[in-house]
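J.: Please find one structure pasted underneath; my questions will follow.
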Amino acid sequence: MGCSCSRFSIISLWGTYIRHTFAAAGLSSRAIDIDDETTIHFWGPKSPDPTNPKPPLVLLHGFGPDAHWQWHPQVAFFAREFALYIPNLVFFGDSTTKSAERSEMFQAVSVGKLMEKLGVKRYYVVGTSYGGYVAYHMAAMWPESVEKVVIASSAVNWKQRDNEEFLAMRAKVESRDGLLLPETAAQLRGLLATMIHRGSHGYMPDFLLNDVIQNMYSKNRKMKIELLDGLHVGKHNTVHISPLRQDVFLIWGEHDQLFLMEKATELKELLGEKTKLEVIKNTGHAPQIEKPAQFNKIVYKLLLGSFSPPPEIKPNQTKPNKRFFPTQSLTMAFGFSCFSIISLWGAYLRYSFSAAGLSAQTIDIDDDETTIHYWGPKSPDPTNPKPPLVLLHGFGPDAHWQWNQQVAFFAREFALYIPNLVFFGDSTTKSLERSEMFQAVSVGKLMEKLGVKRYYVVGTSYGGYVAYHMAAMWPERVEKVVIASSAVNTKRRDNEEFMEKRAKVENGEELLLPQTEAQLRALLALAGYRGLNYMPGFLLNDIVRFKSLRCDLDRVSRDPLALDVFLVWGEHDQLFLLEKATELKGLLGKKTKLEVIKNTGHAPQIENPAQFNKIVYKLLCRQWSIYGDGAGEVFFDPMGIIDLRVLSSSIAVAWLVLLLFGGGGFDLLLVGVNGEFDYGDALTKSIIFLEAQRSGKLPANHRPSWRGDSALQDGKLANVDLVGGYYDAGDNVKYGLPMAFTVTTLSWGAIAYQSELKSTGELENVRAAIRWGTDYLLKASSKHNRLYVQVGDPEKDHQCWMRPENMKTPRSVLQIDQSNPGTEIAAETSAAMAASSIVFRRFDQPYAHQLLNKAKLVIYHYIQYFHSDLFHLLWILPCQHRVDRFDTILLTKDELMWAATWLYIASRKATYLNYIEEESISATVAEFSWDLKYAGAQILLSKVSLSLSLSLSLSLSLSLSHALSHEMQLYWEGHKSLETYKHQADSFICSVLPDSPYHQVTCGNKRFDSAQVMAFAKQQMDYLLGKNPRDRSYMVGFGQNPPKQAHHRGASVPKLSATNIDAVNCPMSFVNWYNKNTPNPNELTGAIVGGPDRYDNFQDLRSESAMTEPTTYTNSLAIGVLAKLAATQTHPHTSSQ
């Protein structure tokens, strides 16, 4: 689908890809304070190999975009033989200074100091354009350090009259500022015409040129103008160029219009006999971009004396993966004719497959007739086997285009195999066979060749035909099959009717294999529920050029299959209507189930990938469901099936089960709990962890002694007081959405379990924890029509491993307002303040009143006026620079329902209840977390319906993320018009009524009484406290063998003396503290870490953040459950150890 996101940036995406290529070449991005005034950001070797030392090479960029934009065609090439150091010069990228110096000599001194700080004593230097000036001065100042120097396209001998002549005669502009720092598309076209010898910049659309300006030229514009004014080159008509002692190599573009060839010849004479000049033909001012291969070879030869090309692949070797380095197509953003957005996008998708642990491989599956190209696991872990899953694409683009929305999600739990079917991608055959049965045989042979004996299969559209035949041919291999949007039962008359009435074309080829923009537009209109007619013609033509192939479809059989079959269909599929899905379900037999995804067309895996992924996951992993379908086996053994890689999922289920059957005035769970663990001690420690997460000026009664005051200037950059609040996890950024969710769930626990918390002596501590959050939220919403949602720079923060007390990273501030809407975070903030107002109502009425009023104002301003369902939009790629890293859920409706529910409970205003009944959209979901609130809202409303006899009909489906699905249907008999909801569920629960004699819950054909429900909740908590296959606790400081290396900056960095604080160094912080395999010096008491994977593998290592990082919103959920267990504990354990 196309990208409708207003913040989508092709250039930003390209920049992300380029940074990945730098990382793939063994470089990491770092920043170093070279003195008290200047910070240099650079790319350098991640971990130099002492057994294989490489000569250091410094690459200095020109005046324009940052270093990674200008040197990306060189990085992969030179990284093989050199230890690369690629700095951003001062005021480029994140390099900055407080000094008033702006000359090229100052830049040279700064880079020299950087290399000295890094301990690099001898190195080569290559500088282009402005970077050539810097390279010359480095060689002149430090001849003992600079071994050889290459000056490319850089007239160090530039005179004042040269400057005047260039501006008047060739550039035809009055000011160099407008030329070198363009602010409009027209100015950028002028710059490209001057710099590039051959280009199609005149044909580039303005939106793309403006995107280039925004991403490459807008930052530090004022300071860059000062750099131009501070240049010594070109200020006088006499030059003083001293010959250099080193070997000097000049490289020039034959048609350089900025620095003409005559300047190169003159410079060669000035620099002396040790200077050589190389000219690259048919290039302009940027030969390293226009002809990177030739430039690279010349530099290599000049520095090392000879050039040895990489070894060739022998014919009998395994066919290599065709890695795509879009050097030329990417650089065409500066005006070259073959620039392709789609090619760029494809490169990004292939990278995402690689990042998910897949590699592209090719295998001959038979006697030199058929070759299959596929994506498969790079290196399967024998200690952590995953079930194999085959994904079969539809008719259209290659596999990586069609499955890109699924790869990251499914790679966590499955060993993925994603083949290109024959004649797609690099899969081919000499056979004359063209049927879908032949495709099935080919994929079956591939899996046999790979030694994979049992696997799941998911096929979409044309791939669904193939999946059906694989399941029919190999029932002993295909364990389960999902057929998505694929009418295996299509008849000839269906085809004719489709062509005539819906597609309105004469043949299928022009529809399915479009060759024109109009044909592709028609295909997209049919395939997608929401059309893409807004897409510009040049982009559609780019897609058409990128893929064209032919294939014939044979007739298909419709015999029932001997295994579980799952059909997934888009509600508005215009290719295969929903009636075909219903018919196919009947044909394939009783073991077939049908799931319909609303508001999608023929490609639900692309249009609504989150829902598609969850449905497929649930269908394949039946153990997710704690209850069967009413007739089958009911699983009630969480010890055998739980995946606690994210322990918060387990806690969330226990939390909601207890809240459903107890608390809030309807406490049916008065069952005593035997004391295997000291739940009271675990409760106390959970609250202490929240205290350790506090930011700001700490109170005198603060319990974690190793924590100190931090971030006392937060908000200063925005002229607002944002001191306080919580760090949500192991970093030092304050994120508004998870912080607000922490406050909401803490408040819910304090309301529902007030008596339990009071009996354990922790009620006041919980109230204090809530108030610490609400005080901050009031500050964040103190400005009219504005909500501050984040403090700190995530990218910079994650480049530094430092205690919050000593951090030096920027404390930038992000906000939402009329120009930058954010419904989700506004709604959650409103919910937090509404819920907490109930907590404080009885003993601090003015504060409670303030919170409730602010909750109403936030929801009014940010939803009534600035509401923006950003995530209804169909994204083809992730947008960069989101307001909040947690603002990622696909829909906003759950937060709106959640906020309205809390506002109604707190205010009893009919406005909010009317919204819930008439306008809110509910859903049956498989999760309750900080970014999906439906289940929580439904539980709350079930309580409301019980206490007020409201005519509400609610459907609730709860589950453990990655493992446990707890499906229940809740219905309250109200108006007869709502009775139809009853038929959508397997069972209903009426035993939660206050006068119910049963005290039971009915799920399918099973009933569970209060003791069983309590036992279930207890099992979830016992697992993380130590009753698990590892016999270890996942709460720091509690129980047997608790985690020692929580992924947490404050806990892992010791207190620093005043002298050590001054020496804080971000790159070295990872060496000093993050990478050390030793216990944290500060115990993060009570922190619940991420936990083990689904196979109970757990590594207590700081670097394993998924397993060892704690969060406030995990502990906030645990507190209510632990309070309930502690209050009902009949035989307390004597010790938590």
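Residue 1 is where the sequence shown starts when you use full-length UniProt numbering, and the numbers rise one by one after that. Think of the CB as a built atom: it goes at the ideal place given N, C-alpha and C, for glycine as much as any other residue.
1. Name the two residues that bound the continuous beta strand (DSSP E) containing Gln294.
2. In the DSSP assignment, find the beta strand (DSSP E) that holds Val789 and state where it starts and stops.
3. Helix or strand or just coil, what does DSSP make of Thr238?
4. According to DSSP, is Lys378 part of a helix, a strand, or is it coil?
5. Between Asp817 and the rest of its own chain, which residues show a CB-CB distance below 8 Å, the 5 nearest in sequence each way excluded?
6. State the Cα-Cα distance for the pair Ala83 and Pro45, rounded to the nearest angstrom.
7. Do you know whose CA, among Asn1082, Leu270, Gln815, lies nearest Gly1037's CA?
8. Bridge partners of Arg30, per DSSP?
9. Using the C-alpha atoms, what's the distance from Ile483 back to Leu567?
10. Assuming contact is defined by CB atoms lying nearer than 8 Å, are Ala752 and Val766 in contact in what I supplied?
11. Figure out for me which residue from Asp206, Ser379, Pro1067, Ala264 has the closest Cα to the Cα of Thr809.
12. By a C-beta neighbour count over all protein chains shown, 10 Å radius and 16 as the cutoff for buried, is Ser95 buried or exposed?
13. Work out the CA separation of Gly1086 and residue 1144 for me, nearest whole Å.
14. Tell me which residues share the same chain as Thr516 and place their Cβ nearer than 6 Å to its Cβ, disregarding the 5 neighbours each side in the sequence.
15. Tell me where the beta strand (DSSP E) around Thr460 begins and ends.
16. Let me know if His1047 comes out buried or exposed under the rule of 16 or more other beta-carbons within 10 Å of its beta-carbon.
17. Is DSSP giving Gln257 helix, strand or coil here?
18. Which same chain residues end up closer than 8 Å to Gln693 when comparing Cβ atoms and leaving out the 5 residues on each side of it in sequence?
19. DSSP three-state label for Val1121, please.
20. Opposite residue 1144 in the DSSP bridges: which residues?
21. How long is the line joining the alpha carbons of Val488 and Gly464, rounded to whole angstroms?
22. Are the beta-carbon atoms of Leu940 and Ile916 separated by less than 8 Å?
23. Inspect the beta-carbon positions of residue 1146 and Thr283 and report whether they are closer than 8 Å.
24. Could you check whether the segment 220 to 238 touches the segment 149 to 166, counting it as contact only if at least three pairs of C-beta atoms, one from each stretch, sit closer than 8 Å?
25. Would you check if the distance between the CB atom of Tyr85 and the CB atom of Val58 is smaller than 8 Å?
26. Relative to the alpha-carbon of Pro1029, which residue among Phe840, Pro1092, Lys430, Lys1018 has its alpha-carbon at the smallest distance?
27. Quick one: what's got a C-beta closer than 6 Å to Pro738's C-beta in the same chain, skipping five residues either side?
28. Can you tell me where the alpha helix (DSSP H) holding Tyr17 begins and where it ends?
29. Determine, using beta-carbon pairs with one atom in the segment 452 to 463 and one in the segment 393 to 411, whether at least three such pairs fall under 8 Å.
30. Ignoring anything shorter than 3 residues, give me the beta strand (DSSP E) runs that lie fully in the segment 725 to 770, in order along the chain.
31. What whole-angstrom Cβ distance do Ser352 and Val407 have, given they're in contact under 8 Å?
32. In the DSSP assignment, find the alpha helix (DSSP H) that holds Gln815 and state where it starts and stops.
33. Skipping 5 residues on each side, what residues in its chain have a beta carbon closer than 8 Å to that of Lys291?
34. Are any of the Cβ atoms in chain D nearer than 8 Å to that of Gly773?
35. Residue ranges of each alpha helix (DSSP H) run of no fewer than 4 residues wholly in the UniProt domain "AB hydrolase-1" (387 to 489), ordered along the chain?
36. How would you write the range of the beta strand (DSSP E) that Thr275 sits in, first residue to last?
T.: By the coordinates alone:
1. By one-based count along the sequence shown, residue 294 stands at place 294. For Gln294, no beta strand (DSSP E) run applies; the uninterrupted alpha helix (DSSP H) run containing it begins and ends at 292 to 304, by DSSP.
2. On the sequence shown, position 789 is the one that residue 789 refers to. 787 to 791 is the span of the beta strand (DSSP E), which, as asked, contains Val789.
3. Residue numbering aside, residue 238 sits at position 238 when the sequence shown is read from its first letter. Looking at Thr238 - three-state DSSP - the assignment turns out to be coil, as it is neither helix nor strand.
4. The residue you call residue 378 lines up with position 378 of the sequence shown. Of the three classes helix, strand and coil, the one that applies to Lys378 here is coil, per DSSP.
5. Taking the first residue of the sequence shown as 1, we reach residue 817 at position 817. Asn785, Arg786, Leu787, Phe866.
6. Here residue 83 is taken as the residue at index 83 of the sequence shown, counted from 1. Here residue 45 is taken as the residue at index 45 of the sequence shown, counted from 1. Those two C-alpha atoms are separated by around 6 Å.
7. Translated into positions along the sequence shown, residue 1037 becomes position 1037. Across the set Asn1082, Leu270, Gln815, the C-alpha of Asn1082 shows the shortest separation from the C-alpha of Gly1037.
8. As a first step, residue 30 is located in the sequence shown; it is residue number 30 there, counting from the start. Arg30 is bridged to Phe42.
9. Mapped onto the sequence shown, residue 567 falls at position 567. Mapped onto the sequence shown, residue 483 falls at position 483. Distance between the alpha carbons of Leu567 and Ile483: 5 Å.
10. Taking the first residue of the sequence shown as 1, we reach residue 752 at position 752. Taking the first residue of the sequence shown as 1, we reach residue 766 at position 766. Not a contact, by the Cβ cut-off of 8 Å.
11. Here the question's residue 809 lines up with position 809 in the sequence shown. Taking only the C-alpha atoms, the option nearest Thr809 is Pro1067.
12. As a working note, residue 95 is residue 95 in the sequence shown. Its Cβ being crowded by 16 or more others within 10 Å, Ser95 is buried.
13. In this structure the chain extends from 1 to 1137, so residue 1144 is not present and cannot be described.
14. Along the sequence shown, one-based indexing puts residue 516 at 516. Nothing listed; no residue qualifies.
15. As a first step, residue 460 must be located in the sequence shown, where it is residue number 460. Residues 455 to 460.
16. Counting from 1 along the sequence shown, the entry for residue 1047 is found at position 1047. Under this definition His1047 is a buried residue.
17. Position 257 of the sequence shown, counting from 1, holds the residue named residue 257. It is coil, neither helix nor strand.
18. For the purposes of this step, residue 693 is identified with residue 693 of the sequence shown, where counting begins at 1. So the list reads Tyr726, Tyr727, Asp728, Thr1112, once near-sequence residues are dropped.
19. Working through the sequence shown from its first residue, we reach residue 1121 at position 1121. It is helical.
20. In the structure as shown, the chain begins at 1 and stops at 1137. Residue 1144 is therefore absent and cannot be evaluated.
21. By one-based count along the sequence shown, residue 488 stands at place 488. By one-based count along the sequence shown, residue 464 stands at place 464. C-alpha separation (whole angstroms): 7 Å.
22. By one-based count along the sequence shown, residue 940 stands at place 940. By one-based count along the sequence shown, residue 916 stands at place 916. No, Cβ-Cβ distance for Leu940 and Ile916 is not below 8 Å.
23. Lying before the first or after the last residue shown, residue 1146 is absent from the chain, which here runs from 1 to 1137.
24. yes
25. Against the sequence shown, residue 85 aligns to sequence position 85. Against the sequence shown, residue 58 aligns to sequence position 58. Yes.
26. The residue labelled residue 1029 in the question sits at position 1029 within the sequence shown. Out of Phe840, Pro1092, Lys430, Lys1018, Pro1092 has the C-alpha closest to the C-alpha of Pro1029.
27. Position 738 of the sequence shown holds residue 738. Only residues of its own chain outside the window of five on either side were considered, and among them Asp728, Phe886, Trp930, Tyr1113 have a CB closer than 6 Å to the CB of Pro738, listed in chain order.
28. The residue you call residue 17 lines up with position 17 of the sequence shown. 10 to 24 is the extent of the alpha helix (DSSP H) around Tyr17.
29. yes
30. none
31. For the purposes of this step, residue 352 is taken as residue 352 along the sequence shown, with counting starting at 1. For the purposes of this step, residue 407 is taken as residue 407 along the sequence shown, with counting starting at 1. Their Cβ separation, rounded to whole angstroms, is 6 Å, which keeps Ser352 and Val407 in contact under 8 Å.
32. Locating residue 815 in the sequence shown gives position 815, counting from the first residue. Per DSSP, Gln815 belongs to no alpha helix (DSSP H); it is in the beta strand (DSSP E), 813 to 816.
33. For the purposes of this step, residue 291 is taken as residue 291 along the sequence shown, with counting starting at 1. Within the same chain, Lys291 has close Cβ partners Ile280, Asn282, Thr283.
34. Protein chain content of the structure displayed is limited to a single chain, and chain D is not contained in it.
35. 399 to 402, 407 to 411, 436 to 449, 462 to 473
36. For this step, residue 275 is matched to residue 275 along the sequence shown. Unbroken beta strand (DSSP E) run through Thr275: 275 to 280.
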